[in-house]
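Student: Here full-length UniProt numbering is used: the first residue of the sequence shown is 1, the next is one more, and so on. A virtual CB, placed ideally from N, CA and C, is assigned to each residue, including glycine. None of these values were measured; they are calculated from a predicted model.
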Amino acid sequence: PRSVLYFTAAAPALHRHRFPSAAAQTPEPSRPMPAPLAASWRRHASAAASSSTPRTLLLLVPVLILLVFVLSRAPDLTFSPATAASPRLPARLRPFDCYASPQASPVLASLVEGVPRPFLYSLADLGPLPDRPHRNIARLLKGKRFRKPDISQTIQELLAGEVGRGSGGGVVVDVGANVGMAAFAAAVMGFRVVAFEPVFENLQRICDGVYLNRVQDQVVVYHAAASDRAGNITMHKVIGRLDNSAISATGAKLAFKSNEEVAVEVATIPLDEVIPDAERVVLIKIDVQGWESHVLRGASKLLSRRRGEAPYLIYEEDERLLQASNSSAQEMRAFLGSVGYNQCTRHGTDAHCTKE
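(1) Would you call aspartate 318 buried or exposed, if buried means 16 or more other Cβ atoms sit within 10 Å of its Cβ?
(2) Could you please give the first and the last residue of the uninterrupted alpha helix (DSSP H) stretch that includes histidine 347?
(3) Terminal residues of the continuous beta strand (DSSP E) containing glutamate 316?
(4) Taking only three categories from DSSP, how would you classify leucine 126?
(5) Should tyrosine 312 and valine 339 be called a contact, given that it needs their Cβ atoms to be closer than 8 Å?
(6) Considering only the alpha carbon of each residue, which of Ser300, Asn326 and Gln323 lies closest to tyrosine 341?
(7) What is the DSSP secondary structure of arginine 333, counted as helix, strand or coil?
(8) Which residue comes first and which comes last in the alpha helix (DSSP H) that contains cysteine 353?
(9) Taking just the CA atoms, how far does aspartate 277 sit from glycine 169?
(10) Identify whether arginine 306 lies in helix, strand or coil by the three-state DSSP scheme.
(11) Shortest alpha-carbon distance to glutamate 201 belongs to which of Leu93, Val172 and Cys98?
(12) Take residue 382 and list the residues in its own chain whose beta-carbon comes closer than 6 Å to its own, dropping the five residues that flank it on each side.
(13) Residues in the same chain with beta-carbon distance under 7 Å from leucine 93, minus the five sequence neighbours each way, listed in chain order, please.
(14) With DSSP run on the structure shown, which of helix, strand or coil describes alanine 97?
(15) What did DSSP end up calling isoleucine 275 once you bin it into helix, strand or coil?
(16) Does the region 322 to 331 come close enough to the region 208 to 217 to have 3 or more Cβ pairs within less than 8 Å?
(17) Counting along the chain, where does the alpha helix (DSSP H) carrying asparagine 213 start and finish?
(18) So for phenylalanine 191, helix, strand or coil by DSSP?
(19) Applying the 10 Å Cβ sphere with the 16-neighbour rule, what's the burial state of residue 357?
(20) In whole angstroms, what separates the C-alpha of isoleucine 151 from that of methionine 181?
(21) Between glycine 209 and serine 101, is the Cβ-Cβ spacing less than 8 Å?
(22) From glycine 298 to valine 61, what distance separates their C-alpha atoms?
(23) Judging by CA-CA distance, which residue of Pro95, Lys285 and Arg306 is the nearest neighbour of glutamate 356?
(24) Which same chain residues end up closer than 6 Å to isoleucine 284 when comparing Cβ atoms and leaving out the 5 residues on each side of it in sequence?
(25) Please classify glutamate 309 as buried or exposed, where buried requires at least 16 other C-beta atoms within 10 Å of its C-beta.
(26) What did DSSP end up calling glycine 231 once you bin it into helix, strand or coil?
(27) Check histidine 236 in the structure and name its three-state DSSP category.
(28) Could you check where the beta strand (DSSP E) with serine 110 kicks off and where it finishes?
(29) Can you grab the Cα-Cα spacing for the pair serine 229 / lysine 237, in whole Å?
(30) DSSP on alanine 177, reduced to helix/strand/coil?
(31) Using only alpha-carbon positions, find the residue among Glu113, Glu261, Val288 and Leu303 that is nearest to glutamate 279.
(32) For glutamate 162, which residues in the same chain have their Cβ closer than 7 Å to its Cβ, ignoring the five residues on either side in sequence?
(33) Considering only the alpha carbon of each residue, which of Phe196, Asp287, Ser227 and Ala334 lies closest to phenylalanine 96?
(34) How about alanine 160 and proline 118: are their beta carbons less than 8 Å apart?
(35) Does DSSP put alanine 224 in a helix, in a strand, or in coil?
Structure (structure tokens):
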């Protein structure tokens with residue numbers, strides 16, 4: 001449809017001016033004296049203004065309706081603990097409140113494409129330039145990928161199986177959520193997400209992603225590190241690469257070559273103290289730079305659920321990072337076997353485990 005706006009204007013007729021005679025200066029009784037030109041223009045402008053007022057109102061009404069609609073759909077970023085928190089949760093630890101947190105600046109949003117359900121996420125930082133940029137340029141010219149498909153693709157492929165079986169809904173637990181790549185991949189498919197992220201700057205980006213993807217009713221995030229006991233622990237943040245922060249200082253440096261780090265104290269909480277027993281958990285993803293063994297031991301009750309109710313498990317199994325945290329891949333496999341996870345396969349540096 002096309003809208004056409006017509007503009008009209010009254011053009012007064014121009015007459016040749018003549019000096020009237022003395023007789024003509026006497027007005028005829030039956031013909032009124034014409035109003036001065038200025039008064040005539042004022043009347044015309046007043047009439048035009050009064051006629052344009054309804055038109056202006058007609059244009060403003062749709063704009064006001066649209067504004068009210070947009071404001072009414074603005075999400076409430078105050079997460080509800082009732083959707084995922086357990087009554088046993090310590091009073092000092094509650095879901096992160098995005099409304100009470102200063103907004104991240106600037107917001108560098110990126111669209112994740114090439115997955116069944118695309119979504120937006122906010123970058124934590126740009127990081128330093130690559131050591132050998134010419135290699136990246138060469139790969140770009142050859143049409144090669146910079147890295148393997150992201151965890152978001154794996155998450156959506158696995159959850160598509162849940163949807164296909166008609167099991168309907170469930171909770172995805174994201175430990176080491178970073179900026180929310182795995183969390184949002186699950187949330188846009190309709191799954192509820194309980195995420196754990198100890199780095200404050202990453203939490204700000206998760207809040208950005210919650211707003212961008214309109215999933216405030218499905219994502220609950222905790223400002224804490226999942227572990228095998230409740231308390232506090234020192235964490236090492238690598239300057240320039242917040243996605244490689246780790247509990248172990250050695251692990252942080254192994255994950256990203258840097259001598260610059262900041263030690264911060266973060267809260268720790270076992271998954272068994274957060275996830276209710278009756279909650280149906282379909283998937284657990286763990287990526288905590290070598291702290292995976294402690295996370296698994298803090299979720300022993302959750303992982304001990306019987307076959308058919310136990311969640312699918314994805315965790316990073318990097319031997320260097322595990323040894324930096326006084327653990328090993330063999331030790332983790334032995335623990336998982338003790339709770340019934342005997343089917344584990346390697347996918348790059350990740351391990352996928354089930355009880356099927």
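Tutor: Reading from the atomic positions:
(1) buried
(2) It is not in any alpha helix (DSSP H) - histidine 347 instead sits in the beta strand (DSSP E) that spans 343 to 347.
(3) 312 to 316
(4) The pLDDT assigned to leucine 126 is 48, lower than 50, so where the model puts this residue is not dependable; a value taken from the coordinates is nonetheless given after this. Residue state, collapsed to three classes: coil.
(5) no
(6) Ser300
(7) helix
(8) Note, cysteine 353: premise wrong, no alpha helix (DSSP H); beta strand (DSSP E) at 350 to 354.
(9) 16 Å
(10) coil
(11) Cys98
(12) The structure shown does not extend to residue 382, since the chain is modelled only from 1 through 356, so no value can be given for it.
(13) Tyr222, Ala224, Ala267 and Ile269
(14) The sequence given here has aspartate at residue 97, not alanine. Aspartate 97 falls in the strand class under three-state DSSP.
(15) coil
(16) no
(17) 200 to 213
(18) coil
(19) Only positions 1 to 356 of the chain appear in this structure, which leaves residue 357 out of reach.
(20) 7 Å
(21) no
(22) 57 Å
(23) Arg306
(24) Val173, Pro311 and Leu313
(25) exposed
(26) strand
(27) strand
(28) 109 to 112
(29) It should be noted that the sequence gives arginine, not serine, for residue 229. Rounded to whole angstroms, arginine 229 to lysine 237 spans 21 Å at the Cα level.
(30) coil
(31) Leu303
(32) Gly170 and Val282
(33) Phe196
(34) no
(35) coil
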